[in-house]
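Here is the structure we will look at.
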Amino acid sequence: MSVSAIVATSDLKPRISPLTQARRVVIKVGSALLVEGTTGRVNRTWLDTLAVDIARLRSRGQDVLLVSSGAIALGRRQLGLEPGRLKLEESQAAAAVGQIRLAHAWKEVLEHHGLTVAQILLTFGDTEERRRYLNARSTLDTLLRLGAVPVINENDTVATSEIRYGDNDRLAARVAQMISADCLVLLSDVDGLYTSDPSRDPGAVFIPEIPVITPDIERMAGGAASTVGSGGMATKIAAAKIAVAAGCHMAVSLGHEMHPLARLESGVRCSWFYPSATPATVRKQWIAGALKPSGELHIDPGAAQALRSGKSLLPAGVTRVTGRFERGDAVIVRDAQGDEMARGLSAYSSQDAEQIRGRKSGDIEELLGFRGRDEMIHRDDLVITSAQSSA
Ligand code: GLU
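Okay, so the sequence shown: first residue is 0 according to my numbering, each after it adds one.
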């Protein structure tokens with residue numbers, strides 16, 4: 000793959016930062032920034048400068064939501080837990096202790112600027128179940144309308160390993176989508192996306208702009224992995240896919256320096272992902288952003304072409320069914336190369352899908368004993384999630 004194919008032209012670079020122009024902004028702050036590595040305490044000097052930046056955004060009339068990590072890192076020190084990997088129940092306990100400190104730190108630094116802080120702890124189901132998603136959205140909307148600054152984290156104290164986000168990158172993107180933000184900033188300990196891991200490959204090329212997330216870009220996710228916190232580059236690309244489909248800009252930016260948002264606005268080096276030209280409808284955004292699809296449908300090239308031209312997925316085009324899912328569950332659709340190209344809600348369970356794959360819709364009744372939908376995934380329940388490979 001040639002680098003020129005993936006590095007955007009500088010024409011795209013806006014003169015005014017998308018952060019400055021946004022109406023609604025989500026800022027994700029990683030643990031490695033918020034918590035001092037040596038002392039395990041809140042990095043207060045730095046946080047004060049971030050609060051100044053946030054207050055400036057608010058004074059311009061911009062809505063700001065924070066997705067803040069750091070609960071586990073702060074709590075483990077307080078509880079005297081040894082360095083190294085924590086057991087699930089230890090991280091739950093650490094989060095319970097650390098979250099109070101985290102919320103308190105945000106309250107102190109933002110109240111200083113006359114801003115009211117609201118704590119929101121989300122569990123996986125709050126964004127992945129449609130009814131709860133709508134409920135969480137209305138709470139956030141109300142807080143923003145009342146002028147508060149929501150500070151969001153995963154509710155790590157009750158989250159178990161099977162049902163948790165585990166990283167705040169994707170949580171932040173789901174939040175950005177939920178409240179129709181137009182800019183998401185991931186303040187991180189890496190300055191952006193590279194063609195490969197720059198710590199191992201001296202030839203790694205920095206990518207300042209990503210107009211479209213192609214399969215090539217997704218393959219680069221192995222590069223520039225963050226060393227602290229749980230979000231490597233893969234979760235950042237996953238977050239970007241959710242954000243751009245929702246019409247939201249996303250930046251991956253180094254957050255270590257003082258006043259990280261002011262720096263971003265002044266144009267420091269970072270990677271910008273641009274929203275897709277035609278954001279999907281709100282329902283389709285939610286489908287596309289599903290964090291844990293329960294199965295996969297592999298399809299043939301003819302079906303892939305049909306999907307790209309806006310058609311439904313018929314059983315005839317499905318070559319393989321993997322995973323276990325029920326009717327109505329979100330599934331990933333993979334092309335003949337095995338690359339993800341779409342997501343959708345399956346009209347059949349995995350068992351039934353296995354029976355009817357490769358067959359004509361007219362045979363469904365005979366094969367299953369009931370007359371289901373003609374489509375495996377109806378076009379209204381289907382979203383193309385990946386641009387065609389440039390290769
Ligand atoms: N929710 C975790 C915490 O507050 C952090 C997750 C992450 O590092 O992305 O400690």
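Think of the CB as a built atom: it goes at the ideal place given N, C-alpha and C, for glycine as much as any other residue.
Just to confirm, are K235 and L185 a CB contact at a threshold of 8 Å? Position 236 of the sequence shown holds residue 235. Position 186 of the sequence shown holds residue 185. Against a cut-off of 8 Å, the Cβ pair of L185 and K235 comes out as a contact.
Taking L407 as the reference, which of L101, V96, L142 has the closest Cα? The requested residue 407 does not occur in the structure, where the chain is confined to residues 0 to 390.
Which one or two residues does DSSP pair with M249 in a beta bridge? Here residue 249 corresponds to residue number 250 of the sequence shown, with the count starting at 1. Answer is L183, F272, bridged to M249.
Pairwise C-alpha distance: R307 and R323: Taking the sequence shown and counting its residues from 1, the one referred to as residue 323 is at position 324. Taking the sequence shown and counting its residues from 1, the one referred to as residue 307 is at position 308. Each residue's alpha carbon lies about 26 Å from the other.
Out of P207, R144, A203, L170, state which residue places its alpha-carbon closest to the alpha-carbon of R57. Start at 1 with the first residue of the sequence shown, and residue 57 comes out as number 58. When only C-alpha atoms are compared, the closest one is R144.
For Q118, list the residues DSSP reports as bridge partners. Counting from 1 along the sequence shown, the entry for residue 118 is found at position 119. Note: Q118 sits in a beta bridge opposite V150.
Reducing DSSP to helix, strand and coil, say where R22 ends up. Along the sequence shown, read from residue 1 onward, the residue named residue 22 stands at position 23. Three-state result, R22: coil.
Rounded C-alpha distance that separates D299 from A305: Within the sequence shown, residue 299 is the residue found at index 300, counting from 1. Within the sequence shown, residue 305 is the residue found at index 306, counting from 1. When rounded, the distance between both Cα atoms is 10 Å.
In three-state terms, what does DSSP make of V281? Here residue 281 refers to the residue found at position 282 when the sequence shown is read from its first residue. Of the three classes helix, strand and coil, the one that applies to V281 here is helix, per DSSP.
Return helix, strand or coil for S67, following the three-state DSSP convention. Numbered from its first residue, the sequence shown carries residue 67 at position 68. Secondary structure at S67: strand, using DSSP grouped into helix, strand and coil.
When the Cβ atoms of the stretch 102-118 are set against those of the stretch 40-59, are three or more pairs found closer than 8 Å? yes
From what residue to what residue does the alpha helix (DSSP H) around T44 run? Position 45 of the sequence shown holds residue 44. In the DSSP assignment, T44 falls within the unbroken alpha helix (DSSP H) covering 43-58.
What residues are listed by DSSP as bridge partners for Y193? Translated into positions along the sequence shown, residue 193 becomes position 194. Its beta-bridge partners are F205.
Return helix, strand or coil for M340, following the three-state DSSP convention. For the purposes of this step, residue 340 is identified with residue 341 of the sequence shown, where counting begins at 1. Three-state DSSP puts M340 in a strand.
Thinking C-beta only, is A238 closer than 8 Å to A147? On the sequence shown, residue 147 is found 148 positions in, with the first residue counted as 1. On the sequence shown, residue 238 is found 239 positions in, with the first residue counted as 1. No.
Residues bridged to E128 by DSSP? Taking the first residue of the sequence shown as position 1, residue 128 is located at position 129. BP columns for E128 are empty, so no partner.
Exposure label - T194; buried when at least 16 CB within 10 Å: Here residue 194 refers to the residue found at position 195 when the sequence shown is read from its first residue. Taking all protein chains shown into account, T194 has 16 or more neighbouring C-beta atoms within 10 Å of its C-beta and is therefore buried.
Could you check where the beta strand (DSSP E) with R319 kicks off and where it finishes? Position 320 of the sequence shown, counted from the start, is the residue given in the question as residue 319. Looking at the DSSP string, the run of the beta strand (DSSP E) that includes R319 is 317-322.
Given M232 as reference, the closest of A250, E89, R282 once Cα atoms are compared: In the sequence shown, the residue the question calls residue 232 occupies position 233. When each option's Cα is compared against that of M232, the closest is A250.
Taking DSSP's pairing of strands, which residues face V471 in a bridge? No statement about residue 471 is possible, as the shown extent of the chain runs from 0 to 390 and does not include it.
Please look up how many angstroms separate the CB atoms of A315 and T384, rounded, as I've assumed it's under 8 Å. Walking along the sequence shown from the start, residue 315 turns up at place 316. Walking along the sequence shown from the start, residue 384 turns up at place 385. About 22 Å separates the two Cβ atoms, so there is no contact after all.
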